[in-house]
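S.K.: Just dropping this structure here.
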Amino acid sequence: MQTAAVMKTKIREKSHTEQPMQEDLEQHRYARGPFLSDVRTLKERVRKDMAQGAVTPTYAHDRETVIKVLNHALATELVCLLRYKNHYFTASGMQWHSIAEEFIEHAEDEEDHADRIAERIQQLGGKPDFNPASLLERSHSEYAEGTTMRQLIEEDLLAERMAIETYTEILRFLEDRDPTTRRLMEDILAKEEEHASDMSRLLKALEQPAERIPSAA
Ligand SMILES: [Fe+2]
Ligand SMILES: [Fe+2]
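In the working numbering, the protein residues as written are 291 to 507.
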């Protein structure tokens, strides 16, 4: 049977041997890469660059270029918003109310996309560019009006397909070096694909007998 003194000695020895082991483990972990930097160094570094907001030194992309690319996407969304608004009022004027509803829904989606992109630009320390003077120049989709329902839908389908191509390229450019922007653009891309599919469906519906056309659902 062990005396209390022997037990105490054993416990003390154990705690002494555990300490270096813990240090070894920590050293091993820290040696593996920047993800495991020690907390004090990390805090100092983060405090020093606090003015950069959400952008920390671990940000792995070319920030300036990402902001520029996002400003092009913002212009694309704003042009899409204006085009769908125009198409909404044009379609309402032609008494195509159910199709007009589809246009206004898309306009709301594009406004939401524009807001989310602008927010991300700001998080990255950039300035969202809402200047109307250079909007069309920066946009990757066209602003086109129309005088027939077919023209309106065709223009929207064309613009959506252009947005899909552009956003797919943006995703390729982002790779895995900015996961937050990547998730945002993936989300928006999925919505543009839905929009293109809606326009394609409406275009096919135009081939149907006249009494069935207004059904946009
Ligand atoms: Fe959009
Ligand atoms: Fe869209």
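Virtual Cβ for every residue (Gly too), placed ideally from N, Cα, C.
If you check the beta carbons only, do N361 and D405 fall under 7 angstroms apart?
M.R.: no
S.K.: Would you kindly work out how many angstroms separate the C-alpha atoms of R373 and T348, rounded to a whole number?
M.R.: 39 angstroms
S.K.: With respect to 6 angstroms, is the separation between the Cβ of E354 and the closest non-hydrogen atom of ligand 1 below this value?
M.R.: With a cut-off of 6 angstroms, the C-beta of E354 is classified as distant from ligand 1, since no heavy atom of the ligand falls inside that distance.
S.K.: Judging by CA-CA distance, which residue of F379, M384, R451 and A480 is the nearest neighbour of M489?
M.R.: R451
S.K.: Enumerate in chain order the residues of its own chain whose CB-to-CB distance from S382 is below 6 angstroms, with the five nearest sequence positions on each side excluded.
M.R.: A390
S.K.: Please give me, in chain order, every unbroken run of the alpha helix (DSSP H) with length at least 4 that falls completely inside the region 396-449.
M.R.: 425-428
S.K.: How would you label A397, buried or exposed, when you count the other beta carbons within 10 angstroms and need 16 or more for buried?
M.R.: buried
S.K.: Got a sec, what are the start and stop residues for the alpha helix (DSSP H) M489 sits in?
M.R.: That run of the alpha helix (DSSP H) goes P469 to A495.
S.K.: Beta-carbon distances below 7 angstroms to any heavy atom of ligand 2 define the shell here; list its residues in chain order, please.
M.R.: C370, H396, D399, E400, E450, A453, K481, E482 and H485
S.K.: Got a sec, what are the start and stop residues for the alpha helix (DSSP H) E367 sits in?
M.R.: R353 to G383
S.K.: Shortest alpha-carbon distance to K358 belongs to which of E401, T346, K417 and E334?
M.R.: Among E401, T346, K417 and E334, the Cα nearest to that of K358 belongs to K417.
S.K.: Alpha carbon to alpha carbon, what distance is there between D399 and I443?
M.R.: 17 angstroms
S.K.: Under 6 angstroms Cβ to Cβ from D466, same chain only, skipping five residues before and after it: list those, please.
M.R.: none
S.K.: Please state the DSSP three-state secondary structure of Y349.
M.R.: Coil at Y349, not helix or strand.
S.K.: Closest by CA to E354, which one among Q413, L368, E482 and T458?
M.R.: Q413
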